[in-house]
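When we follow the working numbering, the leftmost residue of the sequence shown carries the number 33, and every step to the right adds one. By construction, the Cβ of each residue, glycine as well, lies at the ideal position given by its N, Cα and C atoms. Nothing here was measured: the structure is a model prediction, and the numbers come from that model.
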Amino acid sequence: MNGNIHSIETCGTVDGPGIRYVIFVQGCLLRCQYCHNADTWDIGKGKVMTVQDIIEDIQSYLPFIKASGGGITVSGGEPLLQLDFLYELFRECKKLDIHTVIDSSGGCYSNEPIFKEKLNKVLSLTNLVLLDLKHINEQAHKKLTGKTNQHILEFAQYLSDKQIPVWIRHVLVPGITNDEVSLTQLGNFIKTLKNVEKVEVLPYHKLGVYKWEALGHKYPLEHVKPPTETEIKRAYELLQVK
Numbered sequence: 033m034n035g036n037i038h039s040i041e042t043c044g045t046v047d048g049p050g051i052r053y054v055i056f057v058q059g060c061l062l063r064c065q066y067c068h069n070a071d072t073w074d075i076g077k078g079k080v081m082t083v084q085d086i087i088e089d090i091q092s093y094l095p096f097i098k099a100s101g102g103g104i105t106v107s108g109g110e111p112l113l114q115l116d117f118l119y120e121l122f123r124e125c126k127k128l129d130i131h132t133v134i135d136s137s138g139g140c141y142s143n144e145p146i147f148k149e150k151l152n153k154v155l156s157l158t159n160l161v162l163l164d165l166k167h168i169n170e171q172a173h174k175k176l177t178g179k180t181n182q183h184i185l186e187f188a189q190y191l192s193d194k195q196i197p198v199w200i201r202h203v204l205v206p207g208i209t210n211d212e213v214s215l216t217q218l219g220n221f222i223k224t225l226k227n228v229e230k231v232e233v234l235p236y237h238k239l240g241v242y243k244w245e246a247l248g249h250k251y252p253l254e255h256v257k258p259p260t261e262t263e264i265k266r267a268y269e270l271l272q273v274k
């Protein structure tokens, strides 16, 4: 089974517990204005790798990964666009007792039977989902990402119903995702979910701007500054999480 891969980070420390082997897959349906991986957007591009390629590569890192309580994380891009590849990869990982994480925006979630069937097979092999909730307001979400958030919120509820452990992530962008009403509403939504182990407020940054420029795209948040520590603390308070 082949996957379209953008890049691999062999010792990641921010995408799930412990030290992680992080695979960034190619392809995404969202066009987030602050995206730091804009070069992963195009579907069907990237380096073609087999599951066996990845399993062979990860072997030498396993002692460090397992000693730290880590594992493998598939990020992107959007991992759920490559469910067949994800299933085969996680199936091989479980043979080696590797902890599995998906980092997803839920942007391609669908109620189509074939999608649900494949998704359920993947979730049966998934230890944790890092779910990026961009904005609780639908119109603001469309402006920020180019897509509605209704199916994404449905995905969050679906994971809750399935009792798949989740870490919620929210990128805090001053003037866009940090208003009190939206953060309070997002916090209220998160409280309805029964599977949330952790909520992370991720400060907006400009580390990916050079990729936009290299791709010939105008970066839309050029004048937005990263949030202050006070703003981050306030966001946690409004989300009603510690």
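Would you say residue i and residue j are within 8 Å of each other, going by their C-beta atoms?
{"i": "ALA267", "j": "LEU204", "result": "yes"}
{"i": "LEU160", "j": "GLY76", "result": "no"}
{"i": "GLN195", "j": "ASN143", "result": "no"}
{"i": "ILE51", "j": "CYS60", "result": "no"}
{"i": "ILE40", "j": "GLY78", "result": "no"}
{"i": "LEU115", "j": "VAL83", "result": "no"}
Output the distance between the C-alpha atoms of residue i and residue j, rounded to the nearest integer angstrom.
{"i": "GLN217", "j": "ASN181", "result": "14 Å"}
{"i": "GLU229", "j": "PRO197", "result": "7 Å"}
{"i": "VAL106", "j": "GLN65", "result": "22 Å"}
{"i": "PRO95", "j": "GLU212", "result": "44 Å"}
{"i": "LEU234", "j": "ARG201", "result": "7 Å"}
{"i": "GLU263", "j": "ILE168", "result": "18 Å"}
{"i": "GLN272", "j": "TYR53", "result": "31 Å"}
{"i": "LEU191", "j": "LYS148", "result": "12 Å"}
{"i": "THR231", "j": "PHE187", "result": "According to the sequence as given, residue 231 is Val; it is not Thr. In a straight line, the C-alpha of VAL231 is about 17 Å away from that of PHE187."}
{"i": "LEU270", "j": "ASN210", "result": "10 Å"}
{"i": "LYS223", "j": "LYS265", "result": "19 Å"}
{"i": "PRO62", "j": "LEU128", "result": "Before going on, a small fix: residue 62 reads as Leu here, not Pro. Rounded to the nearest angstrom, the two C-alpha atoms are 33 Å apart."}
{"i": "MET33", "j": "GLY207", "result": "43 Å"}
{"i": "GLN189", "j": "LEU163", "result": "11 Å"}
{"i": "ASP193", "j": "GLU88", "result": "35 Å"}
{"i": "SER214", "j": "THR177", "result": "16 Å"}
{"i": "ILE104", "j": "SER156", "result": "15 Å"}
{"i": "ILE86", "j": "TRP244", "result": "28 Å"}
{"i": "HIS173", "j": "ILE134", "result": "22 Å"}
{"i": "ILE90", "j": "ILE55", "result": "11 Å"}
{"i": "THR132", "j": "LEU165", "result": "20 Å"}
{"i": "LYS126", "j": "TRP199", "result": "21 Å"}
{"i": "THR158", "j": "HIS183", "result": "20 Å"}
{"i": "ARG123", "j": "ASN152", "result": "13 Å"}
{"i": "THR72", "j": "GLU261", "result": "30 Å"}
{"i": "LEU171", "j": "GLY35", "result": "Residue identity check: residue 171 is Gln in the sequence provided, not Leu. Their Cα atoms are separated by approximately 33 Å."}
{"i": "TYR236", "j": "HIS249", "result": "19 Å"}
With 16 as the cutoff for other CB atoms within 10 Å, does residue i come out buried or exposed?
{"i": "TYR242", "result": "exposed"}
{"i": "VAL154", "result": "buried"}
{"i": "LYS179", "result": "buried"}
{"i": "PRO145", "result": "exposed"}
{"i": "GLN58", "result": "buried"}
{"i": "VAL46", "result": "exposed"}
{"i": "LYS175", "result": "exposed"}
{"i": "LEU247", "result": "exposed"}
{"i": "VAL80", "result": "exposed"}
{"i": "LEU118", "result": "buried"}
{"i": "LEU239", "result": "exposed"}
{"i": "PRO259", "result": "buried"}
{"i": "GLY101", "result": "exposed"}
On the DSSP bridge assignment, give the partners of residue i in chain order.
{"i": "SER107", "result": "PHE56"}
{"i": "THR82", "result": "ASN34"}
{"i": "TRP199", "result": "LEU162 and LYS230"}
{"i": "PRO235", "result": "LEU204"}
{"i": "GLU41", "result": "VAL54"}
Do residue i and the ligand HEM come close, with the Cβ less than 7 Å from some heavy atom?
{"i": "PRO197", "result": "Although the ligand HEM was asked about, the structure shown includes no ligands whatsoever."}
Self-check item: Segment contact, 8 Å Cβ cut-off, at least three pairs: the stretch 218-225 with the stretch 246-259
Solution: no
Quiz item: Does the stretch 131-141 come within contact of the stretch 90-110, defined as at least 3 CB pairs closer than 8 Å?
Solution: yes
Self-check item: Sufficient close CB pairs (3 or more, under 8 Å) joining the stretch 63-80 to the stretch 88-103
Solution: Too few Cβ pairs lie closer than 8 Å, so no.
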